[in-house]
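Asks: Listed in order, the protein sequences are those of chains B and G. Residue 242 in this note's numbering is what sits at position 242 of the first sequence, and the numbering runs on without skipping anything. Here this note's numbering = 1-based position in the second sequence + 318. For glycine and all other residues, C-beta sits at the position ideal for the given N, C-alpha and C. This structure is in structure tokens; I'll ask about it shortly.
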Amino acid sequence: MAEVLVLVDHLDGEVKKVTFELLTAAREIGSPSAVVVGAPGTASKLTEQLGAYGAEKVYVAESDDAASYLVTPQVDVLESLVSSVSPAAVLVSASADGKEISGRLAARVSGGLLIDAIGVDGDLTVTKSVFGGAFVVKTKATKGVPVISVRPGGLEAVAAQGAAAETAVEVPAVDAATATKITGREPIVGGDRPELTEASVVVSGGRGVGSAESFSVVEQLADALGAAVGASRAAVDSGYYPAQFQVGQTGKTVSPQLYIALGISGAIQHRAGMQTSKTIVAVNKDAEAPIFEIADYGIVGDLFKVAPQLTEEIQKRK
Amino acid sequence: MPNIVVLVKQVPDTYSERKLSDSDFTLDRESADAVLDEINERAIEEALVIKEAHGGEVTVLSVGPERATEAIRKGLSMGADKAVHVVDDSLHGSDLLQTAKVLAAAVGKVEGAELVIAGNEASDGQGGAVPAVLAELLGYPQLTHARKVEIDGSSVKVTRETDEGLTHLEASLPAVISVGEKINEPRYPSFKGIMAAKKKPVETLSVADLGVDEVGLDAAWSTVTEAAPKPPREAGQRVEDEGDGGVKVAEYLVSQKLI
Ligand SMILES: Cc1cc2nc3c(=O)[nH]c(=O)nc-3n(C[C@H](O)[C@H](O)[C@H](O)COP(=O)(O)OP(=O)(O)OC[C@H]3O[C@@H](n4cnc5c(N)ncnc54)[C@H](O)[C@@H]3O)c2cc1C
Ligand SMILES: Nc1ncnc2c1ncn2[C@@H]1O[C@H](COP(=O)(O)O)[C@@H](O)[C@H]1O
Chain B
1 MAEVLVLVDH
11 LDGEVKKVTF
21 ELLTAAREIG
31 SPSAVVVGAP
41 GTASKLTEQL
51 GAYGAEKVYV
61 AESDDAASYL
71 VTPQVDVLES
81 LVSSVSPAAV
91 LVSASADGKE
101 ISGRLAARVS
111 GGLLIDAIGV
121 DGDLTVTKSV
131 FGGAFVVKTK
141 ATKGVPVISV
151 RPGGLEAVAA
161 QGAAAETAVE
171 VPAVDAATAT
181 KITGREPIVG
191 GDRPELTEAS
201 VVVSGGRGVG
211 SAESFSVVEQ
221 LADALGAAVG
231 ASRAAVDSGY
241 YPAQFQVGQT
251 GKTVSPQLYI
261 ALGISGAIQH
271 RAGMQTSKTI
281 VAVNKDAEAP
291 IFEIADYGIV
301 GDLFKVAPQL
311 TEEIQKRK
Chain G
319 MPNIVVLVKQ
329 VPDTYSERKL
339 SDSDFTLDRE
349 SADAVLDEIN
359 ERAIEEALVI
369 KEAHGGEVTV
379 LSVGPERATE
389 AIRKGLSMGA
399 DKAVHVVDDS
409 LHGSDLLQTA
419 KVLAAAVGKV
429 EGAELVIAGN
439 EASDGQGGAV
449 PAVLAELLGY
459 PQLTHARKVE
469 IDGSSVKVTR
479 ETDEGLTHLE
489 ASLPAVISVG
499 EKINEPRYPS
509 FKGIMAAKKK
519 PVETLSVADL
529 GVDEVGLDAA
539 WSTVTEAAPK
549 PPREAGQRVE
559 DEGDGGVKVA
569 EYLVSQKLI
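If you want it as structure tokens, here you go:
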């Protein structure tokens, strides 16, 4: 069975959830091979986790350069693996880095580039959601090896034991003239809440929340539900909440089981980032707010009355 | 300072309805109002700021149908010096890799261009990969998703902002930069700028002029086999809060087995 290369997304010795989703999809296509690119000593912490989601092989590409240059070390490693193992496909996360890696790799190996998949079938038909979920499109690579970036949270991760046999591979030397050096990192410290794109429940606040201080109303409801907190662009632009939590066309795309919108009007650009959520609940004091057109359950009322009461009800039921 | 090329793209306005054409599933560009993609205004702004500090000439470059001239004009009226417009019917249906190849060839036509500035992600395709692929094709370093750019001689420093946080980047010119939403506030074209733009040179190039082949739908590396509008979501229940709104939502969530 042909191998399917899965680029491992990792941070601080932890495999990101999207990698498990990719490994799950890879199992339908062929034999999953995880590819770890990072500083020396990275893979040993990850192999067991990768095996638990069905990785048969783990290619270990470690060097100091691998961690200190942007994107190109991953492209170099994948390129050399594509030529040595002729995989059925290459899967990467549709993160900012992953989209760039997949684009460059496809250009280099003349592969078929498929961006931001929400589904990948065993025959390599890829499902995409375009224009913020207004269209669902099926697409296929017509030539070359398919290089597919998959949206985090798009697929479900299912555990399955794999052999996770390690093979060391070389990180090709970096060409300083064409590479970009990473001179420092300031990762976002996640806190205790789940990551926005990975959360099964998201509670978002909009301009209706009114101030940065009042966002605690949103946070308390989120914490009662074990949810991630999101925000509309108006809330971000007004300085109520940090930009990395913005949901929408220019923010993040989420599709949780449950999305609760508090004081959000539901502009088309906001909907673009959340309308594929399974269930949508909205609280807005304007009965005409467009968010009600897509909400499964809407309360016309003051979020400062409704949200705390809901928080309390949830705590009671625990 | 070396010359700068800014990549600009005309996109359907996100406020209008966006559709795929029934015949070949490509973007139906006629159905929606077209505008210069918001992020590209920031790319132009950044180029102008660099020019003001270091000199050099700013060229806007667009690959797209006839009416992309409106986006080009906007760039010129903001203050860019000249423009290159690649327009060719054979480009219809090109995928991201093909578009990047055309862009790379066109950048090569701009004299003394050592810095390419793009938006980080277009609002129509959400590819988020053109700048990186362009860097790959040109053999330039990529400093993408910038929220801050500093140029010092031939060295470029960028603060990259993504979901992961900030990454500090450094590379040497020539280079490709893509800018993120928070890099700057684009200027409005002045009346003088708008008048001056009418006289600025716009060079029109065809695919043959650039010597690229295999463009367009039939030569694309990927094909769309099906496309369907997603059935619109139906509005569900909507109730007035009568003091028990929170309780009602909790009951609903229980009924849906969500809590
Ligand atoms: C190119 C482009 C990209 C964009 N990208 C995004 C994006 O990624 N994400 C995004 O969100 N937006 C985006 N926008 C902006 C979008 O058009 C809207 O302006 C924005 O979503 C509005 O945010 P809002 O709903 O919080 O604010 P508003 O539209 O001001 O709505 C606030 C709502 O709160 C309600 N309200 C007020 N007080 C209360 C209360 N006490 N209790 C209950 N309800 C209350 C009001 O009735 C109102 O409906 C984009 C716009 C453009 C042009
Ligand atoms: N056809 C095009 N013409 C000019 N610039 C483009 C074109 N397509 C993409 N770009 C540039 O690449 C950026 C990112 O686009 P994308 O990778 O498609 O999301 C855009 O903001 C533009 O700066």
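How about V329/G and T377/G: are their beta carbons less than 8 Å apart?
Replies: Contact flag unset, no.
Asks: H463/G touches chain B at which residues, Cβ-Cβ below 7 Å?
Replies: Going along chain B in sequence order, the residues near H463/G (Cβ under 7 Å) are A96.
Asks: Along the segment 23 to 50 of chain B, what residues have a CB closer than 7 Å to any CB found in chain G?
Replies: Those would be none; no residue qualifies.
Asks: May I ask you to list the residues that DSSP assigns as paired with E544/G?
Replies: Answer is K138/B, bridged to E544/G.
Asks: Can you check DSSP and say which residues form a bridge with Q328/G?
Replies: In the DSSP output, where bridge partners are listed per residue, Q328/G has L354/G.
Asks: Which residues have their C-beta within less than 7 Å of a heavy atom of ligand 2, listed in chain order?
Replies: Result (chain order): L325/G, V326/G, K327/G, D355/G, I357/G, N358/G, A361/G, L379/G, S380/G, V381/G, G382/G, L414/G, T417/G, L421/G, A436/G, G437/G, N438/G, E439/G, A440/G, G443/G, Q444/G, G445/G, G446/G, A447/G, V448/G, P449/G and S496/G.
Asks: Using only the alpha-carbon positions, how far apart do L491/G and V90/B sit?
Replies: Roughly 31 Å separates the two Cα atoms.
Asks: Any chance the segment 47 to 59 of chain B sits against the segment 19 to 30 of chain B, with 3 or more Cβ pairs inside 8 Å?
Replies: Yes, the segment 47 to 59 of chain B is in contact with the segment 19 to 30 of chain B.
Asks: Output yes if chain B places a C-beta closer than 8 Å to the C-beta of H486/G; else output no.
Replies: Chain B contact via Cβ: present.
Asks: Consult DSSP for I299/B and reduce its assignment to one of helix, strand or coil.
Replies: Residue state, collapsed to three classes: strand.
Asks: Could you work out which residue in V203/B, R108/B, L50/B and A61/B is closest to Y259/B when comparing CA atoms only?
Replies: Considering only alpha carbons, the answer is V203/B.
Asks: Quick one: measure Cβ to Cβ for V36/B and A61/B, integer angstroms, because I've assumed they're closer than 8 Å.
Replies: Rounded, the Cβ-Cβ distance is 7 Å, consistent with contact.
Asks: For the alpha helix (DSSP H) containing K99/B, list its first residue and its last residue.
Replies: Element bounds for K99/B: A96 to V109.
Asks: DSSP on E156/B, reduced to helix/strand/coil?
Replies: Note: E156/B maps to coil in three-state DSSP.
Asks: Can you tell me the Cα-Cα spacing of L535/G and A361/G, whole angstroms?
Replies: If you take the alpha carbons of L535/G and A361/G, they lie about 28 Å apart.
Asks: Any heavy atom of ligand 1 within a distance shorter than 7 Å of the CB on H463/G?
Replies: H463/G: no, Cβ never under 7 Å from ligand 1.
Asks: Can you determine whether any heavy atom of ligand 1 sits closer than 7 Å to the C-beta of K285/B, and answer yes or no?
Replies: Answer for K285/B: yes, Cβ within range of ligand 1.
Asks: Along the alpha helix (DSSP H) that carries R465/G, what are the first and last residues, could you check?
Replies: Segment Q460 to D470 is the beta strand (DSSP E) holding R465/G; no alpha helix (DSSP H) there.
Asks: Please report the residue range of the beta strand (DSSP E) in which T480/G lies.
Replies: First-last of the beta strand (DSSP E) with T480/G: S473 to T480.
Asks: Where do the N-terminal and C-terminal ends of the beta strand (DSSP E) with L113/B fall, by residue?
Replies: From DSSP, the beta strand (DSSP E) with L113/B extends over G112 to V120.
Asks: In whole angstroms, what is the alpha-carbon distance linking A164/B and L11/B?
Replies: Each residue's alpha carbon lies about 19 Å from the other.
Asks: Whose C-beta lies closer than 7 Å to the C-beta of Q275/B among residues of the same chain, with five residues either side of it excluded?
Replies: The answer, listed in chain order, is G132, G133 and I294.
Asks: Is the Cβ of A235/B closer than 8 Å to any Cβ of chain G?
Replies: No, because no Cβ of chain G sits closer than 8 Å to the Cβ of A235/B.
Asks: From this set, A228/B, L221/B and A261/B, which residue's C-alpha is nearest A282/B's C-alpha?
Replies: It is A261/B.
Asks: Is the CB-CB distance between I368/G and I501/G below 8 Å?
Replies: Contact: no.
Asks: Answer yes or no: the CB of S232/B versus the heavy atoms of ligand 1, is any distance below 7 Å?
Replies: It does: the Cβ of S232/B is within 7 Å (strictly closer) of some heavy atom of ligand 1.
Asks: Is K17/B close to chain G, meaning its C-beta is less than 8 Å from at least one C-beta of that chain?
Replies: Cβ-Cβ to chain G under 8 Å: no for K17/B.
Asks: What does D296/B touch in chain G if you count any residue whose Cβ is under 7 Å from its own?
Replies: Those are G554, listed as they occur along chain G.
Asks: Rounded to a whole number of angstroms, what is the C-alpha to C-alpha distance between E48/B and T180/B?
Replies: Going from the Cα of E48/B to the Cα of T180/B covers about 31 Å.
Asks: What residues in its chain sit with their C-beta under 6 Å from that of G154/B, if we drop five residues either side in the sequence?
Replies: If we look at G154/B and ignore the five residues flanking it on each side, its Cβ neighbours are I118.
Asks: Can you tell me whether DSSP reads H372/G as helix, strand or coil?
Replies: Looking at H372/G - three-state DSSP - the assignment turns out to be helix.
Asks: What's the C-alpha gap between D562/G and Y240/B?
Replies: For D562/G and Y240/B, the distance between alpha carbons rounds to 27 Å.
Asks: With a threshold of 7 Å, establish whether the CB of D121/B neighbours any heavy atom of ligand 1.
Replies: False, no ligand heavy atom lies under 7 Å from that Cβ.
Asks: What does Q244/B touch in chain G if you count any residue whose Cβ is under 7 Å from its own?
Replies: Chain G residues near Q244/B: D481.
Asks: Whose Cβ in chain G lies nearer than 7 Å to the Cβ of F20/B?
Replies: Those do not exist, as F20/B stays about 18 Å from chain G at its closest Cβ, beyond 7 Å.
Asks: When you compare the CB of V174/B with every CB in chain G, is at least one pair closer than 8 Å?
Replies: No, no contact with chain G.
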